[in-house]
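Participant:
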Amino acid sequence: MSPALCLVVAVPTSPSGDTDGRLLEATLASFVAQGEGSWEVLTVEVPADPSPLGAAALTHAATTTTAAYVALVEAGDRLEPGALSAVLEGVGDRRPGLLYTDEQWPAQGAAGIFTKPDWMPRYLEALPYPGRLTFFRRDVLLDAGAWRHEHGPAFEWDTLLRVTELTDDVVHVPVLGVSRHRPPELASLLESGRDAVAARFRRLDVPATVEVVRSGDQGFLRVWRDVPDPPLVTLVIPTAGGRRKVRGEDVVLVTNALRALLERTSYPRWEVVLVVSDGTPAETIRESTALLGDRLAAVVPVSGPFNFSRSVNSGAAAARGDFVLALNDDTEVIEPRWLDRMVAVAQDPDVGAVGAKLLFEDGRIQHAGIVFANDGRPLHVHIFESDADAGHFGSKVVDLDYLAVTGACLLVRRSLYETVGGFTEDLPLNFNDVDFCLKLVATGHRVVCTPYARLHHYESSTRHAEVRDFELEALAWWRPWTLADPHVNVRGIV
Numbered sequence: 115m116s117p118a119l120c121l122v123v124a125v126p127t128s129p130s131g132d133t134d135g136r137l138l139e140a141t142l143a144s145f146v147a148q149g150e151g152s153w154e155v156l157t158v159e160v161p162a163d164p165s166p167l168g169a170a171a172l173t174h175a176a177t178t179t180t181a182a183y184v185a186l187v188e189a190g191d192r193l194e195p196g197a198l199s200a201v202l203e204g205v206g207d208r209r210p211g212l213l214y215t216d217e218q219w220p221a222q223g224a225a226g227i228f229t230k231p232d233w234m235p236r237y238l239e240a241l242p243y244p245g246r247l248t249f250f251r252r253d254v255l256l257d258a259g260a261w262r263h264e265h266g267p268a269f270e271w272d273t274l275l276r277v278t279e280l281t282d283d284v285v286h287v288p289v290l291g292v293s294r295h296r297p298p299e300l301a302s303l304l305e306s307g308r309d310a311v312a313a314r315f316r317r318l319d320v321p322a323t324v325e326v327v328r329s330g331d332q333g334f335l336r337v338w339r340d341v342p343d344p345p346l347v348t349l350v351i352p353t354a355g356g357r358r359k360v361r362g363e364d365v366v367l368v369t370n371a372l373r374a375l376l377e378r379t380s381y382p383r384w385e386v387v388l389v390v391s392d393g394t395p396a397e398t399i400r401e402s403t404a405l406l407g408d409r410l411a412a413v414v415p416v417s418g419p420f421n422f423s424r425s426v427n428s429g430a431a432a433a434r435g436d437f438v439l440a441l442n443d444d445t446e447v448i449e450p451r452w453l454d455r456m457v458a459v460a461q462d463p464d465v466g467a468v469g470a471k472l473l474f475e476d477g478r479i480q481h482a483g484i485v486f487a488n489d490g491r492p493l494h495v496h497i498f499e500s501d502a503d504a505g506h507f508g509s510k511v512v513d514l515d516y517l518a519v520t521g522a523c524l525l526v527r528r529s530l531y532e533t534v535g536g537f538t539e540d541l542p543l544n545f546n547d548v549d550f551c552l553k554l555v556a557t558g559h560r561v562v563c564t565p566y567a568r569l570h571h572y573e574s575s576t577r578h579a580e581v582r583d584f585e586l587e588a589l590a591w592w593r594p595w596t597l598a599d600p601h602v603n604v605r606g607i608v
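So the sequence shown is numbered by our numbering: it starts at 115 and just counts up by one.
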């Protein structure tokens, strides 16, 4: 009977043919410690540096085994107790295209512990995050060409990219699967990784530019999908003409927001629908109208108690754009390409909504995506944290999927907006954005937050919204989805 799992151990050899037997012994001992089970191990001697010969030898091992799943590790890596049993449990009857576990390596504190989110294609384009321990279904691995040498040090990253072009059935097994004997040399992978990711987009016939982004001692890739024919975007901005101090000056929030939009937005095709509540000063409406000029599509009045959902729905009904962007009047654009970036992400057919990174006035993070705690409560990731670092393996600086993003700056295709019925008007204040995003997720679409669109959000850092029972009940309806939050690892929120 064929084994279910095959562990291929790459054993680096020096030019003289020497190997470090102690490293291999450590790996094999950890394999034996897994106990009896449906698995086998193959050792393959490869040159110390990636080469055509090494890639061919590893691929030959994948063709030799009859196991259903194949993983690659390096001599010196140690399987953690129970790792293979956990992977087999993940395979189950589903037989996914690939499975990956969490991992660790020698480093100070938590720096070398990589707890990973569930499957996110865009994260893979920024970082080879499935890493080790990754088991590929052998038939899919071989159909993808297994391990190849064209991209040098990034050959494992390249394999992940090619395999996931053939299957999107990817399972994260949230256990510590392997301890590497040395940290992955991610910085050295960036240039060859950029070539591998660029090749992926050429294969998919998607025009895109891939850039290297460095943040401190970390590095990642950023993909800009081309937008050759920019669609019209309608910005729906509800306002009551409120005021507050910004940088020490008393300002009308909506006119402050509009000036920043006009001065700093590089995206060419956008219009504004201004949704004005009862009591909005006439002077504020006149000044806003004058500021916008030809950018103004409509002024839509709404009456009654403030209802964010009704305001945005009313504005969206007057939209002419292919995309609708809900935008709070207490925001201020920071960087010119914010809307270019959001549209570039949103044009992917599988994307339902795109959110932005929002900062408090003092520069700390107010919003970078929403996750759900085990009790179902929505939480802003990285709130009150500095925006000066990359976060846990780039979580502050790369595009990531979430179940929800804030409605303070949310872009959606207008046809999708209409398909899900817009915002739920029975949720006038709280959780309307969460509910809206989850409606998109329920249709099979992804919600993405891009940190390359940054705006200030002049929401008070001490404000705590009063949550009412009916709002909690509405949130409870989504528990089957929020319990499967891709960022909530059983070992902690990623």
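Where is the CB? At the ideal position from N, CA and C, for every residue including glycine. Please read these numbers as outputs of a predicted model, since none were measured by experiment.
(1) In terms of residues, what are the limits of the alpha helix (DSSP H) holding Trp595?
(2) Can you tell me where the alpha helix (DSSP H) with Thr564 in it begins and where it stops?
(3) Rounded to whole angstroms, what is the Cα-Cα separation between His263 and Glu239?
(4) Put Gly355 into one of helix, strand or coil per three-state DSSP.
(5) By a C-beta neighbour count over all protein chains shown, 10 Å radius and 16 as the cutoff for buried, is Glu446 buried or exposed?
(6) Where does Thr596 land, buried or exposed, given buried means 16+ other C-beta within 10 angstroms?
(7) Taking the C-alpha atoms as reference points, what is the distance between Ala322 and Arg451?
(8) Answer with buried or exposed for Arg491, where buried requires no fewer than 16 other C-beta atoms within 10 angstroms of its C-beta.
(9) Going residue by residue through the region 359–406, where are the continuous alpha helix (DSSP H) segments of at least 4 residues, counting only ones entirely within it?
(10) Check each candidate in Phe550, Glu203, Thr229 and name the one with the smallest Cα separation from Val468.
(11) Hey, out of Tyr183, Val548, Arg400, whose CA is closest to Pro210's CA?
(12) If you reduce the DSSP assignment to three classes, tell me which class Val447 lands in.
(13) What's the C-alpha gap between Val285 and Tyr214?
(14) In whole angstroms, give me the CA-to-CA distance for Thr576 and Cys523.
(15) Tell me the rounded alpha-carbon separation between Ser391 and Ala354.
(16) In whole angstroms, give me the CA-to-CA distance for Leu142 and Val277.
(17) Give me whichever residues DSSP pairs with Asp515 in a beta bridge.
(18) Ordered along the chain, which non-local residues of its own chain (more than five positions away) have a Cβ less than 7 Å from that of Arg317?
(19) If I measure Cβ to Cβ from Arg527 and keep anything under 6 Å in the same chain, skipping five residues before and after, which residues do I get?
(20) Measuring alpha carbon to alpha carbon, tell me which residue in Met234, Arg236, Arg246 is nearest Glu217.
(21) Candidates Val160, Gly206, Leu514: which alpha carbon is nearest Trp233's?
(22) Which residues in the same chain have their Cβ closer than 7 Å to the Cβ of Gly477, if we skip the five residues on either side of it in sequence?
(23) With H, G and I counted as helix, E and B as strand and the rest as coil, what does DSSP make of His295?
(24) Closest to Gly508 by CA distance: which of Pro231, Leu172, Glu159, Gly149 is it?
(25) Can you tell me the Cα-Cα spacing of Glu205 and Glu475, whole angstroms?
(26) May I ask you to list the residues that DSSP assigns as paired with Leu472?
(27) In whole angstroms, what is the alpha-carbon distance linking Ala181 and Asp331?
(28) Residue range of the beta strand (DSSP E) that Glu619 falls in?
(29) Just mark Trp591 as buried or exposed, buried being the case when its beta carbon has 16 or more other beta carbons within 10 Å.
(30) Do Ser428 and Val413 count as a contact pair if the criterion is CB distance below 8 Å?
(31) Using a Cβ-Cβ cut-off of 7 Å (strictly less than) and excluding sequence neighbours within five positions of Ser423, which residues of its own chain qualify?
(32) Where do the ends of the beta strand (DSSP E) carrying Val205 lie?
(33) Put Pro492 into one of helix, strand or coil per three-state DSSP.
(34) Examine the Cβ distances between the region 256–274 and the region 189–200 and report whether three or more of them are shorter than 8 Å.
(35) Please report how far the alpha carbon of Ala396 lies from the alpha carbon of Cys563, in whole angstroms.
(36) Would you mind working out which of Val511, Asp444, Ala487 sits nearest Gly521, comparing C-alpha positions?
Facilitator: Well, looking at it:
(1) Counting from one through the sequence shown, the residue named residue 595 turns up at place 481. Taken as a continuous stretch (DSSP letters only), the alpha helix (DSSP H) holding Trp595 covers 593–596.
(2) For this step, residue 564 is matched to residue 450 along the sequence shown. Taken as a continuous stretch (DSSP letters only), Thr564 belongs to no alpha helix (DSSP H), being part of the beta strand (DSSP E) at 560–571.
(3) Against the sequence shown, residue 263 aligns to sequence position 149. Against the sequence shown, residue 239 aligns to sequence position 125. Looking at the two C-alpha atoms, the distance is approximately 19 Å.
(4) Mapped onto the sequence shown, residue 355 falls at position 241. DSSP places Gly355 in coil when its eight states are reduced to three.
(5) In the sequence shown, residue 446 corresponds to position 332, counting from 1. When all chains shown are included, Glu446 counts as buried.
(6) Taking the first residue of the sequence shown as position 1, residue 596 is located at position 482. Burial call: buried.
(7) What you label residue 322 is simply residue 208 of the sequence shown in a count that begins at 1. What you label residue 451 is simply residue 337 of the sequence shown in a count that begins at 1. If you take the alpha carbons of Ala322 and Arg451, they lie about 16 Å apart.
(8) Residue 491 sits at position 377 when you count from the first residue of the sequence shown. So Arg491 counts as exposed.
(9) 367–378, 396–406
(10) Along the sequence shown, one-based indexing puts residue 468 at 354. Out of Phe550, Glu203, Thr229, Phe550 has the C-alpha closest to the C-alpha of Val468.
(11) Mapped onto the sequence shown, residue 210 falls at position 96. Closest by alpha carbon: Tyr183.
(12) Taking the sequence shown and counting its residues from 1, the one referred to as residue 447 is at position 333. In this structure, Val447 counts as strand in the three-state DSSP scheme.
(13) As a first step, residue 285 must be located in the sequence shown, where it is residue number 171. As a first step, residue 214 must be located in the sequence shown, where it is residue number 100. Their backbone Cα atoms lie some 7 Å apart in a straight line.
(14) Residue 576 sits at position 462 when you count from the first residue of the sequence shown. Residue 523 sits at position 409 when you count from the first residue of the sequence shown. Because Thr576 carries a pLDDT of 42, less than 50, the predicted location of this residue cannot be relied on, and the following value inherits that uncertainty. Their backbone Cα atoms lie some 20 Å apart in a straight line.
(15) Here residue 391 corresponds to residue number 277 of the sequence shown, with the count starting at 1. Here residue 354 corresponds to residue number 240 of the sequence shown, with the count starting at 1. For Ser391 and Ala354, the distance between alpha carbons rounds to 5 Å.
(16) What you label residue 142 is simply residue 28 of the sequence shown in a count that begins at 1. What you label residue 277 is simply residue 163 of the sequence shown in a count that begins at 1. Going by the C-alpha atoms only, they are around 27 Å apart.
(17) Against the sequence shown, residue 515 aligns to sequence position 401. Paired residue(s): Val562.
(18) To locate residue 317, count along the sequence shown from 1; it is residue 203. These residues qualify, in order along the chain: Glu279.
(19) Here residue 527 refers to the residue found at position 413 of the sequence shown. Cβ neighbours of Arg527 beyond the five flanking positions: Phe437.
(20) Counting from 1 along the sequence shown, the entry for residue 217 is found at position 103. The candidate whose alpha carbon is nearest that of Glu217 is Arg246.
(21) Counting from 1 along the sequence shown, the entry for residue 233 is found at position 119. If we check each option's Cα against that of Trp233, Leu514 comes out closest.
(22) In the sequence shown, the residue the question calls residue 477 occupies position 363. Taken in chain order, the residues that qualify are Asp501.
(23) Mapped onto the sequence shown, residue 295 falls at position 181. DSSP places His295 in coil when its eight states are reduced to three.
(24) Counting from 1 along the sequence shown, the entry for residue 508 is found at position 394. With distances taken between Cα atoms, Gly508 lies closest to Pro231.
(25) Here residue 205 is taken as the residue at index 91 of the sequence shown, counted from 1. Here residue 475 is taken as the residue at index 361 of the sequence shown, counted from 1. Per the sequence shown, the amino acid found at residue 205 is Val instead of Glu. C-alpha separation (whole angstroms): 47 Å.
(26) Mapped onto the sequence shown, residue 472 falls at position 358. Note: Leu472 sits in a beta bridge opposite His481, Leu569.
(27) Within the sequence shown, residue 181 is the residue found at index 67, counting from 1. Within the sequence shown, residue 331 is the residue found at index 217, counting from 1. Rounded to whole angstroms, Ala181 to Asp331 spans 39 Å at the Cα level.
(28) Because the chain is modelled from 115 through 608, residue 619 falls outside the range shown and cannot be assessed.
(29) Your numbering for residue 591 matches position 477 in the sequence shown. It counts as exposed.
(30) Mapped onto the sequence shown, residue 413 falls at position 299. Mapped onto the sequence shown, residue 428 falls at position 314. Taking 8 Å as the Cβ cut-off, Val413 and Ser428 do not qualify as a contacting pair.
(31) As a first step, residue 423 must be located in the sequence shown, where it is residue number 309. If we look at Ser423 and ignore the five residues flanking it on each side, its Cβ neighbours are Phe537, Thr538, Glu539, Leu541, Pro542, Asn546.
(32) In the sequence shown, the residue the question calls residue 205 occupies position 91. Here Val205 belongs to no beta strand (DSSP E); instead the alpha helix (DSSP H) covers 197–205.
(33) As a working mapping, residue 492 is identified with position 378 in the sequence shown. Strand.
(34) no
(35) Translated into positions along the sequence shown, residue 396 becomes position 282. Translated into positions along the sequence shown, residue 563 becomes position 449. Cα to Cα, Ala396 sits roughly 36 Å from Cys563.
(36) Taking the sequence shown and counting its residues from 1, one reaches residue 521 at position 407. Checked all of Val511, Asp444, Ala487; the closest Cα to Gly521 is Asp444.
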